[in-house]
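Peer 1: First the structure, then my questions, so here it is.
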Amino acid sequence: MRERIRSVIRAVPDYPKPGIVFRDITPLLADGDAFAEAINSFVERYRNAGLTKIVGIEARGFIFGTALAYALGIGFVPLRKPGKLPAKTLQQRYSLEYGEDALEIHTDALGAHDHVLIIDDLLATGGTVLAAVDLVKQTGASLQECAFVISLDQLPGVDRLQQAAIPYYTLCRF
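This is the structure we're talking about:
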């Protein structure tokens, strides 16, 4: 099953700059059967995990996160770029190779009673997901795991999650 999912993820060489192989999920999204297999793989893993919320990282984490939350019958919480959420927020800044960015969550989106899965399409350097983990911890919710469609094993994200003792799951490794 995972090989089918992996096979529809397109490799785009030299994008966004020379030497980088971009893993494009748009063919996966366009293939209804492959997309269903991806969501069903996550459902199988998390069906009995006691989750109360799925937290999706802007923007591609919203695609997988909302579908998974719907399938599990639980709520979805978006992590957004600064200034996109209308109510009071918590913010977590993080470093990128070319600067800084930040994520925000509504202060009332999660609480100590919540058991959370963070989901995104891709684990690369790990900066974004570590910021997401910090935000979830600030709310008092408990993090069960982080989930990704793709992990790029040659980049430091996997090591950073392992060093921080953050459990994670990925469908496809490249």
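Numbering follows the UniProt record's numbering, with no gaps: position 173 of the sequence shown is 173.
Heads up, the beta-carbon is just placed ideally off N, CA and C, and yes, glycines get one too.
(1) Considering only the alpha carbon of each residue, which of 133, 96, 77 lies closest to residue 108?
(2) List, from N- to C-terminal side, the alpha helix (DSSP H) runs of 4 residues or more that fit wholly inside the stretch 6-44.
(3) Could you tell me the distance, in whole angstroms, from the CA atom of residue 164 to the CA atom of residue 126?
(4) Hey, out of 86, 116, 40, whose CA is closest to residue 104's CA?
(5) Examine the Cβ distances between the stretch 5-25 and the stretch 142-153 and report whether three or more of them are shorter than 8 Å.
(6) Our contact map puts residue 54 next to residue 117 with C-beta atoms below 8 Å; I'd like the distance itself, whole angstroms only.
(7) Once the 5 residues before and after residue 142 are set aside, which same chain residues still bring their CB inside 6 Å of it?
Peer 2: A quick look at the data gives this:
(1) Closest in alpha carbon position to residue 108, among 133, 96, 77, is 77.
(2) Listed in chain order, they are 26-30.
(3) C-alpha of residue 164 to C-alpha of residue 126: approximately 11 Å in a straight line.
(4) Among 86, 116, 40, the Cα nearest to that of residue 104 belongs to 86.
(5) Using a C-beta cut-off of 8 Å, the stretch 5-25 makes contact with the stretch 142-153, since at least three inter-stretch Cβ pairs fall below that distance.
(6) 5 Å between Cβ atoms; contact.
(7) For residue 142, same chain residues with a beta-carbon under 6 Å away, outside a window of 5 residues either side, are 115 in chain order.
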